[in-house]
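Student: One structure follows; several queries about it will come next.
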Amino acid sequence: MANNSYIIPKVFPTVEEIDTTLRKVMNECFPGFKISEPPQNDQTGWLIKHPENEDLAFTIHFDEFRDEKALSIPHRHCYEVMWWVEHEIRERLAKAFNAKQYDEGIGAVKNAKVYFDTYSDYLTATYPERFRHVKLMMAKEEAYLLPADIRGKLGKLFE
101 MANNSYIIPK
111 VFPTVEEIDT
121 TLRKVMNECF
131 PGFKISEPPQ
141 NDQTGWLIKH
151 PENEDLAFTI
161 HFDEFRDEKA
171 LSIPHRHCYE
181 VMWWVEHEIR
191 ERLAKAFNAK
201 QYDEGIGAVK
211 NAKVYFDTYS
221 DYLTATYPER
231 FRHVKLMMAK
241 EEAYLLPADI
251 RGKLGKLFE
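In the working numbering, the protein residues as written are 101 to 259.
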């Protein structure tokens, strides 16, 4: 079972505002990913996936966190690099919507507003050496499965 991370805006944006911001952020950070159409009627969110490897995917959907409206990103991915992808997207959406962040795996997330251009930079900044080594080994084993645009962002630890 996966846990979720949450983006809890002070003023909840409209579907159109979320869609526009999400597309802008994804285009800036990870332009190779494709985003589903904005949710309508009974749909609850967006599916974001890479067309060259559909296992590189995640969702952002409407949710509640402690009785507050929120956007949720479930951690249900199977690639190590997706932790970094989610981090980048969550941080940027939280900044855009002046939102708090929470992750069920680690608790409240301080809005660091720190972005990492590569997966290597993310590992170095967010994991102690003993965990970084394990994460790095796992990511190196799966690197050959990644599309070129993502492989190109792995960083100096992979050279």
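From the three backbone atoms N, C-alpha and C, an ideal C-beta is built for every residue, glycine too.
Bear in mind the structure is a predicted one, so any value in this text is a computation, not a measurement.
(1) Return the Cβ separation of ASN198 and PRO139 in integer angstroms, given the expectation that the two are a contact with Cβ distance under 8 Å.
(2) Could you tell me the distance, in whole angstroms, from the CA atom of MET238 to the CA atom of PHE158?
(3) Counting along the chain, where does the alpha helix (DSSP H) carrying HIS187 start and finish?
(4) Write down the C-beta distance between PHE258 and LYS240 rounded to the nearest angstrom, noting that I regard them as a contact closer than 8 Å.
(5) Go to LEU257, then tell me how far its alpha helix (DSSP H) extends in each direction, as first and last residue.
(6) Closest Cβ-Cβ distance between PRO113 and chain B: below 9 Å?
(7) What residue range is occupied by the uninterrupted beta strand (DSSP E) comprising LEU245?
(8) Under the DSSP definition of a beta bridge, which residues are partnered with LYS169?
(9) Check ASP221 in the structure and name its three-state DSSP category.
Tutor: For this structure:
(1) Stepping through the sequence shown from its first residue, residue 198 is reached at position 98. Stepping through the sequence shown from its first residue, residue 139 is reached at position 39. Actually they are not in contact, since the Cβ atoms of ASN198 and PRO139 sit about 22 Å apart, beyond 8 Å.
(2) Translated into positions along the sequence shown, residue 238 becomes position 138. Translated into positions along the sequence shown, residue 158 becomes position 58. Answer to the nearest angstrom: the Cα atoms are 19 Å apart.
(3) For the purposes of this step, residue 187 is taken as residue 87 along the sequence shown, with counting starting at 1. 181-196 is the span of the alpha helix (DSSP H), which, as asked, contains HIS187.
(4) One-based indexing of the sequence shown puts residue 258 at position 158. One-based indexing of the sequence shown puts residue 240 at position 140. About 7 Å separates the two Cβ atoms, so the contact holds.
(5) As a working mapping, residue 257 is identified with position 157 in the sequence shown. It is not in any alpha helix (DSSP H) - LEU257 carries neither H nor E in the DSSP assignment.
(6) Chain labels in this structure do not include chain B; a single protein chain is all it has.
(7) For the purposes of this step, residue 245 is identified with residue 145 of the sequence shown, where counting begins at 1. No beta strand (DSSP E) holds LEU245; DSSP gives it neither H nor E.
(8) Residue numbering aside, residue 169 sits at position 69 when the sequence shown is read from its first letter. Per DSSP, GLU164.
(9) Here residue 221 corresponds to residue number 121 of the sequence shown, with the count starting at 1. In this structure, ASP221 counts as helix in the three-state DSSP scheme.
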